[in-house]
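Here the structure comes first, spelled out in structure tokens, and everything after it is commentary.
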Amino acid sequence: MSRILTIGEPMALFVAEQEGLLDDAQRFSRFIAGAEVNFSIGMSRLGHQVTYVTQLGLDPFGRNIHKFLRKNKIDTTYVSYEPAFVTGMQWKQKVKSGDPEVFSARKNSAASHMDIKLIKKIKWTDYDHLHLTGIPPALSKSCRELVYQMMKEAKENGLQVSFDPNLRPGLWPDKQEMALVINELASQADIIFPGIDEGRQLTGKTDVLDIAAYYHEAGVPTVVLKLGAEGAFTSCMNGKQFYTEGFPVKEVVDTVGAGDGFAVGVVSGLLEGLELSDSIARGAAIGALAVMSPGDNDGLPNREELIHFMKREPIG
18 MSRILTIGEP MALFVAEQEG LLDDAQRFSR FIAGAEVNFS IGMSRLGHQV TYVTQLGLDP
78 FGRNIHKFLR KNKIDTTYVS YEPAFVTGMQ WKQKVKSGDP EVFSARKNSA ASHMDIKLIK
138 KIKWTDYDHL HLTGIPPALS KSCRELVYQM MKEAKENGLQ VSFDPNLRPG LWPDKQEMAL
198 VINELASQAD IIFPGIDEGR QLTGKTDVLD IAAYYHEAGV PTVVLKLGAE GAFTSCMNGK
258 QFYTEGFPVK EVVDTVGAGD GFAVGVVSGL LEGLELSDSI ARGAAIGALA VMSPGDNDGL
318 PNREELIHFM KREPIG
């Protein structure tokens, strides 16, 4: 299987056990959060080798995350500890359906102090693919420089690059700077996965065709716009365009992590030699599975579960 490299900030996640406002929650269950963690776990469960670059606090949460990554067969060679700062944390509301409230405590976290030194020993020719999101460059100036350097190294060494904007406006000084940096990174990727609302924020366009055209003009070969329950719209620079229907779900438990699951499906499919349309369909399937579980990555399937779900067969 392929070897993938990614970078991100994994966080301790506390999910309320009872529905209602986070203000009133008394008991929480602990999970691990982070868009790139979700992506890494999803790829690992499908048999791909993932190396995760990050920096953790030398605290119980950081050590727990490190153990969690190893347990999920994720390579932690480039995971380091920073004793002067703490591991980031999140708290998430329990909801019957839809998007939960999420509160983060990540300012000045260990991960926000990542810099280029973390990747000095990486042998880029060992990898096939780099997956980036818009979260690490939002954490700090040093993180942004690190992500730019990773993009540069990947392109110079022939790696394919996927990019998911994963907009976090609260982490940026302003929306203008956010759009400038995210679009600059997106322009260097081979395939991007903005949600439709993200695409509108980043481009100022409203129609899927116009959003796709904006990124093609910037140099992006393949643009995949996530449309939520409606599926996805894919546009290629060669003129090929198509819609992919979403997979029906029995119950939407938690929407967090669905986009990461979608990226898992598309990237894994392409790395395994599937046609683009089949890879997008796989992404839609994994995204659907992700929303039916309470944790950010609990619903990400192994290969057998994915095959059954895509055939509309019962799992387990």
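Each residue of the sequence shown is one higher than the one before, counting from 18 in the numbering used here.
Every residue, glycine too, gets a C-beta built ideally from N, C-alpha and C.
The region 207-216 makes contact with the region 260-280: 3 or more CB pairs, one atom from each, lie closer than 8 Å. As the crow flies, the alpha-carbon of residue 75 is around 12 Å from that of residue 96. Scanning its chain for C-beta atoms nearer than 8 Å, with the 5 sequence neighbours on each side dropped, one finds around residue 236 the residues 204 and 205, in chain order. Annotation note: the region 25-107 contains the following uninterrupted beta strand (DSSP E) runs of length 3 or greater, listed N- to C-terminal: 28-36, 45-50, 66-74 and 96-99. When the five nearest sequence neighbours on each side are left out, the beta carbons in the same chain lying within less than 6 Å of the beta carbon of residue 177 are those of 146 and 207, in order along the chain. Classified as exposed, residue 120 has fewer than 16 neighbouring CB atoms from the shown chains inside 10 Å of its CB. For residue 219, the enclosing alpha helix (DSSP H) begins and ends at 213-220.
In the pairwise beta carbon analysis, the region 302-319 is classified as touching the region 45-53: at least three pairs are separated by under 8 Å.
Annotation: the region 258-318 contains the following complete segments of the alpha helix (DSSP H) (minimum length 4 residues), in chain order: 275-288 and 293-307. If you draw a 10 Å sphere on the C-beta of residue 223, you find fewer than 16 other C-beta atoms in it, and that means exposed.
The beta-carbon separation of residue 73 and residue 98, rounded to 6 Å, stays under the 8 Å limit for a contact. The shortest C-alpha to C-alpha distance from residue 286 to any of 35, 47 and 64 is the one to 64.
Look at residue 20 here: in three-state DSSP terms it is strand. Cβ-Cβ separation between residue 71 and residue 117: approximately 24 Å, too far for a contact (criterion under 8 Å).
A buried status is given to residue 242, since no fewer than 16 other beta-carbon atoms sit within 10 Å of its beta-carbon. DSSP, reduced to helix, strand and coil, places residue 166 within a helical segment of the structure shown. Contact between the region 29-37 and the region 108-116 is present: 3 or more CB-CB pairs across the two stretches fall below 8 Å. DSSP places residue 198 inside the alpha helix (DSSP H), whose first and last residues are 192-203. By the criterion of at least three beta-carbon pairs nearer than 8 Å, the region 247-257 is not in contact with the region 86-96. Around the C-beta of residue 329, fewer than 16 other C-beta atoms lie within 10 Å, and the residue is accordingly described as exposed.
DSSP, reduced to helix, strand and coil, places residue 126 outside both helices and strands of the structure shown, so it counts as coil.
Residue environment for residue 150: buried (at least 16 other C-beta atoms within 10 angstroms of its C-beta).
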